[in-house]
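Residue numbers (our numbering): 3 to 277. We put the CB at the ideal spot given by N, CA and C, even for glycine. Here the structure comes first, spelled out in structure tokens, and everything after it is commentary.
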Amino acid sequence: MADSSLNFSSIVATPTLYSWAQAYNAGKLFAALSVQKDKTEEGIPEGEHDGLATLGKDLLTTFEQEFFTLETKDLTSIKDAILKTTAKVPTEIKLSFSCAFLADSVLYLFVASAGKIYLKRESKIGAIIDFSENKSDTVKSASGYLQTGDTLILETDAFSKVIPLQSLADSLDHQSPSEIAEILAPLVHEKGDEGAAAAMIISFKEEAAVASSLIEDTEEQNTPGESINDTPSTDPKEEIALASEEWSKYRDDFAWMKENTKKSDLIVPSSQCLA
């Protein structure tokens, strides 16, 4: 356990010749990553079978180095670190990267290229980020405050295809992260050809955490080193205040603070989730 307020567990599929995945944790930094190649009739040349594993491990090492050398860890700087990392991904590789960082009671969430991040709060569950741009230089993010008892699920794109929302919702009912992993892991391993499935399940028990919203940023496409937010804010409180009028309309549903909120974006009771 990384902290007295955190409890977590992971699920990782067995790698294949065409896919590799890993779940990562260091302190209050969490991630689920996968890299894939398209299957071809020619197969993978001998000597390149470990290429995906090498690439995946290198990406995690690079991200770790970029992240922990940041002087200020906020939405903008962490996005930059992710973009510098994913710049190393070859164009023929499909990347999926979901990441979360907890700073005090503030939660920063990111998905690069493709992936999903779900939040379960009390009896409701919904996707905070659902992204499938499949471009390694594109990142979608969210930030906000935690409430004690929240459960967060970081998923690679392949994991979300193996485990439908209804199965995920059923497994979260009054279960610890390790118990959730025990329920879902057999379903992942049944798909022997899906080595890109990985997930990190994290529960929060921070009594001092303030219940609040998670704010979805618009997706941004940039080269490393460029400003990612047009109007970056280092204080999530400011972001929440700016959207307070819109948020008041959707508070009970944990909806996005966006004028174009879709009905499908609303977090619904887990008992009503559809696969």
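The C-alpha of residue 196 is placed about 17 Å away from the C-alpha of residue 53. Taken atom to atom, the span from the alpha-carbon of residue 21 to that of residue 199 is near 9 Å. In this model, residue 37 and residue 23 are separated by some 6 Å (Cα to Cα).
Three or more Cβ pairs closer than 8 Å define a contact, and the region 136–144 falls short of that threshold against the region 167–182. Measuring C-alpha to C-alpha distances from residue 129 to each of 27, 136, 138, 118 identifies 118 as the nearest.
Residue range 126–134 is occupied by the beta strand (DSSP E) that includes residue 134. Under the three-state reduction of DSSP, residue 196 is assigned to coil, being neither helix nor strand. C-alpha of residue 58 to C-alpha of residue 159: approximately 15 Å in a straight line. The shortest CA-to-CA distance from residue 55 to any of 39, 79, 82 is the one to 39. For residue 62, the CB contacts under 7 Å within the same chain, skipping 5 residues up- and downstream, are 24, 26, 35 in chain order. Counting only the Cα atoms, residue 80 lies some 10 Å from residue 65. Per DSSP, residue 165 lies in no beta strand (DSSP E) and is assigned neither H nor E. Between residue 207 and residue 11, the beta carbon gap of about 15 Å keeps them out of contact (Cβ cut-off 8 Å). Residue state for residue 173 is assigned as helix, using DSSP reduced to three classes. With 16 or more other CB atoms across the displayed protein chains lying within 10 angstroms of its CB, residue 121 is buried.
The shortest CA-to-CA distance from residue 163 to any of 134, 184, 182 is the one to 134. Burial is judged here by how many other beta carbons sit within 10 angstroms of a residue's own beta carbon; residue 153 has at least 16 and is buried.
In its chain, beyond the 5 residues on either side, 164 have a beta carbon closer than 6 Å to the beta carbon of residue 193. Nearest neighbour of residue 91 by Cα position, chosen from 31, 137, 188, turns out to be 137. Residue 153 sits in a strand when the DSSP states are folded into three classes. Boundaries around residue 86 are those of the alpha helix (DSSP H), 77–88, since no beta strand (DSSP E) includes it.
Cβ neighbours of residue 101 within its own chain (closer than 6 Å, five residues either side excluded): 33, 112. Per DSSP, residue 63 is not a residue of any beta strand (DSSP E); the alpha helix (DSSP H) it occupies stretches across 53–70.
In the DSSP assignment, residue 15 forms no beta bridge with any residue.
Here DSSP, grouped into helix, strand and coil, assigns residue 182 to helix. Within the model, the alpha-carbon separation for residue 205 versus residue 13 is close to 15 Å.
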